[in-house]
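Residue numbers (the numbering used here): 2 to 263.
We put the beta carbon where it would ideally sit given N, CA and C, even for glycine.
Nothing here was measured: the structure is a model prediction, and the numbers come from that model.
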Amino acid sequence: MSGIIVSREDRVLVVTLNRAPANAFDDVTSRELAQVMLSYQEDPDLRCAILTASGEKFFSGGMDLKWGADGNLRLASHGYGPGGLGGISELWSLTKPVIAALNGMAVGAGFEIAMACDLVVAADHVKFWLPEVQRGFIADAGGVIRLPRLLPYQLAMEMLLTCRWMTAQELQPFGIVNAVVPASELMDKAREYAAKITEAAPLAVQATKATWHQTAHLSVRGAFDEVQSGKIREHRAMMDSPDYEEGSRAFADKRKPVWYGK
Numbered sequence: 002m003s004g005i006i007v008s009r010e011d012r013v014l015v016v017t018l019n020r021a022p023a024n025a026f027d028d029v030t031s032r033e034l035a036q037v038m039l040s041y042q043e044d045p046d047l048r049c050a051i052l053t054a055s056g057e058k059f060f061s062g063g064m065d066l067k068w069g070a071d072g073n074l075r076l077a078s079h080g081y082g083p084g085g086l087g088g089i090s091e092l093w094s095l096t097k098p099v100i101a102a103l104n105g106m107a108v109g110a111g112f113e114i115a116m117a118c119d120l121v122v123a124a125d126h127v128k129f130w131l132p133e134v135q136r137g138f139i140a141d142a143g144g145v146i147r148l149p150r151l152l153p154y155q156l157a158m159e160m161l162l163t164c165r166w167m168t169a170q171e172l173q174p175f176g177i178v179n180a181v182v183p184a185s186e187l188m189d190k191a192r193e194y195a196a197k198i199t200e201a202a203p204l205a206v207q208a209t210k211a212t213w214h215q216t217a218h219l220s221v222r223g224a225f226d227e228v229q230s231g232k233i234r235e236h237r238a239m240m241d242s243p244d245y246e247e248g249s250r251a252f253a254d255k256r257k258p259v260w261y262g263k
C-alpha cells in the first residue's frame, strides 16, 4: 500500500497517509484506508488508531482532482469502497476510536475525514477549507452533513458556500478540534489521548461509540429506548463481559483493572 503507511505501537495503530504531494484521495487510496480500518476493527489487540500524514503542508488535499478530471468523478461514488471517499467518512461499522493528528492543511475530503474521526489534534499552522462549490460539486463526503451539526448553521454555510478558510485555533472553541499544539508536539499529544483510551475498558469504549452512532438520529427518549431494549450489540457485549464488573472490583480492591476485552 504505497499511499498508506501502517505501524503498530503496542495497542495503538498508527496510519500515515503518504501520497505526495498533497496526500489526496482517489478510489484506490479510499479503499485501502477502509481496509486498514476494517482490519483494525477486527484485531483484538488494537484499541485505538491515530490517523496522520506525511509532510507538514497537507494532512490531505482532499479528492485527487487530476484523477477526477480523467472521467472518474461521476463514477466515484460507486468506487470508493465501504468507507466512502477517504475510507472512513461512511465506515459505520468502525466502533473503535480514531484520533486524527493533523500535520497540515485539511482540504475538502481531508477536512471531512477529520470530522469523521473521534478526536482531532491539530498542529498550530493547520487550516481547514471546503472548496467544492468552486469546483462544480458539493462537500457530500461529510461536509454538508456533519459541519452544520458541529458549527452554528450560518458559520457552516459560510465555509460551505463562500469557501472561507478557518484555522485550527478558530475551530477549537466549537469542539471540532480537541487540541492545538506546536507541530513538534503533534504526535505526542495524539499518543497521550490514545494512552488514556487504551487504559479504559475496550468493550466500554466500543459501546460508547456504537451507542452514539446508532442513536444520534433519535430523540432523547428514543435513544434511551434503543439502549434499554438491548438493540445495540456492543452495549449487550459490554454488559455480558467479565469487564462489566472488573472495574468496580478493582476500585474496591485499590488496584488497576485487568480488562479482558471479551
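{"Check": "Cβ contact check for the region 184-192 and the region 233-245: 3 or more pairs under 8 Å", "Outcome": "no"}
{"Check": "Residue nearest to Glu246 in terms of C-alpha spacing, selected from Gly231, Arg234, Gly262, Ile233", "Outcome": "Gly262"}
{"Check": "Per DSSP, the bridge partner or partners of Thr216", "Outcome": "According to DSSP, Thr216 bridges with nothing at all."}
{"Check": "For Glu1, the residue or residues it bridges with in DSSP", "Outcome": "There is no way to answer for residue 1, as the model of the chain reaches only from 2 to 263."}
{"Check": "Complete runs of the beta strand (DSSP E) confined to the region 133-210 [at least 3 residues]", "Outcome": "180-182"}
{"Check": "Neighbourhood of Ile6 by C-beta, 7 Å cutoff - its chain only, sequence neighbours within 5 removed", "Outcome": "Thr17, Asn19"}
{"Check": "Buried versus exposed call for Val127 [16 or more other C-beta atoms within 10 Å across all chains shown]", "Outcome": "buried"}
{"Check": "Beta-carbon contacts of Tyr41 that lie in its chain and below 7 Å, excluding the five residues immediately before and after", "Outcome": "Leu14, Leu47, Ala50, Lys97"}
{"Check": "Cβ contact (3+ pairs, closer than 8 Å) linking the region 172-182 and the region 118-125", "Outcome": "yes"}
{"Check": "CB of Gly111 within 8 Å of CB of Gly56, strictly", "Outcome": "no"}
{"Check": "Unbroken alpha helix (DSSP H) run spanning Ala238, endpoints", "Outcome": "234-241"}
{"Check": "Neighbourhood of Arg234 by C-beta, 8 Å cutoff - its chain only, sequence neighbours within 5 removed", "Outcome": "Ala211"}
{"Check": "Residue from His236, Val29, Trp166 whose Cα sits closest to the Cα of Trp130", "Outcome": "Trp166"}
{"Check": "Separation of Pro258 from Thr199, as counted between CA atoms", "Outcome": "12 Å"}
{"Check": "Between the CA atoms of Gly248 and Gln229 - distance to the nearest angstrom", "Outcome": "21 Å"}
{"Check": "Through-space distance from Ala101 to Cys118, alpha-carbon basis", "Outcome": "6 Å"}
{"Check": "Neighbour-count burial assignment, Pro9, 16 or more Cβ in a 10 Å radius", "Outcome": "One detail in the question is off: residue 9 reads as Arg in this sequence, not Pro. Exposed."}
{"Check": "Three-way DSSP call (helix, strand, coil) for Ile5 in this model", "Outcome": "strand"}
{"Check": "Residue range of the alpha helix (DSSP H) that includes Ala123", "Outcome": "Taken as a continuous stretch (DSSP letters only), Ala123 belongs to no alpha helix (DSSP H), being part of the beta strand (DSSP E) at 120-124."}
{"Check": "Contact check, Gly87 vs Ser31, beta carbons under 8 Å", "Outcome": "yes"}
{"Check": "Host beta strand (DSSP E) of Phe129 (start-end)", "Outcome": "128-130"}
{"Check": "Own chain, CB closer than 7 Å to Lys58, minus 5 neighbours either side, in chain order", "Outcome": "Gly105, Met106"}
{"Check": "Secondary structure of Ile100, DSSP reduced to three states", "Outcome": "strand"}
{"Check": "Gly253 versus Ala201: straight-line alpha-carbon distance, rounded", "Outcome": "The sequence shown places Ala at residue 253, rather than the Gly named in the question. Cα-Cα distance, rounded: 17 Å."}
{"Check": "Exposure of Ser94, with buried meaning 16 or more beta-carbon neighbours within 10 Å", "Outcome": "exposed"}
{"Check": "Ile51 - containing beta strand (DSSP E), residue span", "Outcome": "49-54"}
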